[in-house]
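Visitor:
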Amino acid sequence: DSIYIEAKKLYLAGSSTLEIVERLKLPIDVRSLQRRLKKDGVIRTIKQSYHIAIAKGRMNWKNRRKPRITSKLSQ
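According to our numbering, the sequence shown is numbered sequentially starting from 13.
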């Protein structure tokens with residue numbers, strides 16, 4: 013269980029489950045770790061996941077913004 017406690021700390025610090033499995037060389041697959049984390053109630057919200065992905069550079073927020081529609085017409 014000490015390995016799982018370390019994995020939980022890494023997850024709460026912002027690492028993905030794939031990174032944790034590869035870093036700690038766990039004998040379980042990624043999905044098993046996700047199930048265990050969810051059982052303990054530490055799975056991130058979508059908002060938290062987006063913020064981490066943007067901070068790590070895996071996602072670009074500019075593409076997700078809605079275009080502004082203006083009523084001011086310039087000539």
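For glycine and all other residues, C-beta sits at the position ideal for the given N, C-alpha and C.
Using the three-state DSSP reduction, which class does I15 fall into: helix, strand or coil?
Guide: Your numbering for residue 15 matches position 3 in the sequence shown. Correct three-state label for I15: helix.
Visitor: For T82 and A25, I'd like the C-alpha separation in whole angstroms.
Guide: Taking the first residue of the sequence shown as position 1, residue 82 is located at position 70. Taking the first residue of the sequence shown as position 1, residue 25 is located at position 13. C-alpha separation (whole angstroms): 41 Å.
Visitor: I'd like to check one pair, R56 with I66: are the Cβ atoms closer than 9 Å?
Guide: As a first step, residue 66 must be located in the sequence shown, where it is residue number 54. As a first step, residue 56 must be located in the sequence shown, where it is residue number 44. The answer is no: Cβ separation not under 9 Å.
Visitor: Is it true that the CB of Y23 sits closer than 9 Å to the CB of V54?
Guide: Mapped onto the sequence shown, residue 54 falls at position 42. Mapped onto the sequence shown, residue 23 falls at position 11. Against a cut-off of 9 Å, the Cβ pair of Y23 and V54 comes out as a contact.
Visitor: Roughly how far, in whole angstroms, is the beta-carbon of I15 from the beta-carbon of L38, given that I think they are within contact range, below 8 Å?
Guide: Reading the sequence shown from its first residue, position 3 is the one you call residue 15. Reading the sequence shown from its first residue, position 26 is the one you call residue 38. Yes, I15 and L38 are in contact; Cβ-Cβ is about 7 Å, under 8 Å.
Visitor: For the alpha helix (DSSP H) holding A67, just list the boundary residues, first then last.
Guide: Stepping through the sequence shown from its first residue, residue 67 is reached at position 55. It spans I58 to K68 - the alpha helix (DSSP H) in which A67 sits, taken as one unbroken run.
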